[in-house]
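Add 1272 to the 1-based position in the sequence shown for my numbering, that's all there is to it.
Even glycine gets a Cβ: it sits at the ideal position worked out from N, Cα and C.
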Amino acid sequence: MRSLVRQRPRIANWGLMDLRDEIDKMFNDFGIVGDSGEGYWTPSVDISEEPDKLIMTVELPGVDKKDVKISLHENVLTIEGQKVRQTEEQKDKYYRCERSYGKFSRSFTLPTKVVADKIDASYKDGVLTVTLPKVEEAQPRQIQIK
């Protein structure tokens, strides 16, 4: 017997960003992962803008800050590194292992020019915060005619 309430497929309520997120997840999960759970993974990133700076917050739980490298080249900021699996004897039998290990790399084309030598990065409780001061825009001025 058919239900009187017609159910719509979940995809009908999706927006373009939801579809993009699902496609991103599909490709992120497509990394080369062996039995050890090691491969490539993609940390989550938030980018916000203030009048004088950009702020990038990256979730890197379990990553040692010495294993992270940040570089800026032609207005593209790249954050790369590795989450290393601790080498210890496995005494327990695992039924499920969902933690990711391995290399990561994220690159972002910045929406504005930044002052490269004043970029600041801090790492606390598994969260990397990168502060990128914007280049001051030339202010309009009046020129007096002599």
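Residue i, buried or exposed, once every other Cβ within 10 Å from all chains shown has been counted against 16
i, result
"Val1407", "exposed"
"Ser1372", "buried"
"Gln1411", "exposed"
"Ile1351", "buried"
"Pro1315", "buried"
Same chain only: Cβ atoms within 8 Å of residue i, ignoring 5 sequence neighbours per side
i, result
"Asp1339", "Gly1353, Gln1354, Lys1355 and Val1356"
"Ala1393", "Ile1342, Leu1400, Thr1401, Val1402 and Thr1403"
"Tyr1395", "Leu1332, Lys1337, Val1340 and Thr1401"
"Asp1293", "none"
Cβ pair residue i, residue j closer than 8 Å
i, j, result
"Val1335", "Arg1378", "no"
"Lys1325", "Pro1405", "yes"
"Ile1295", "Phe1380", "no"
Distance between residue j and residue i (C-alpha atoms, nearest Å)
i, j, result
"Asp1290", "Lys1385", "29 Å"
"Leu1344", "Pro1323", "21 Å"
"Ile1391", "Glu1331", "19 Å"
"Leu1349", "Asp1389", "13 Å"
"Asp1364", "Val1387", "50 Å"
"Met1328", "Gly1398", "14 Å"
"Asn1347", "Lys1418", "40 Å"
Those residues which DSSP pairs with residue i across a bridge
i, result
"Pro1383", "In the DSSP output, where bridge partners are listed per residue, Pro1383 has none listed."
"Gln1419", "Residue 1419 cannot be examined here, being either before or after the span of the chain that is shown, 1273 to 1418."
"Val1399", "Glu1331 and Lys1396"
"Asp1318", "Thr1329"
"Leu1344", "Leu1349"
"Tyr1312", "Lys1375"
Close-in-space but distant-in-sequence residues of the same chain around residue i (CB under 7 Å, 5 per side omitted)
i, result
"Lys1375", "Tyr1312 and Gln1354"
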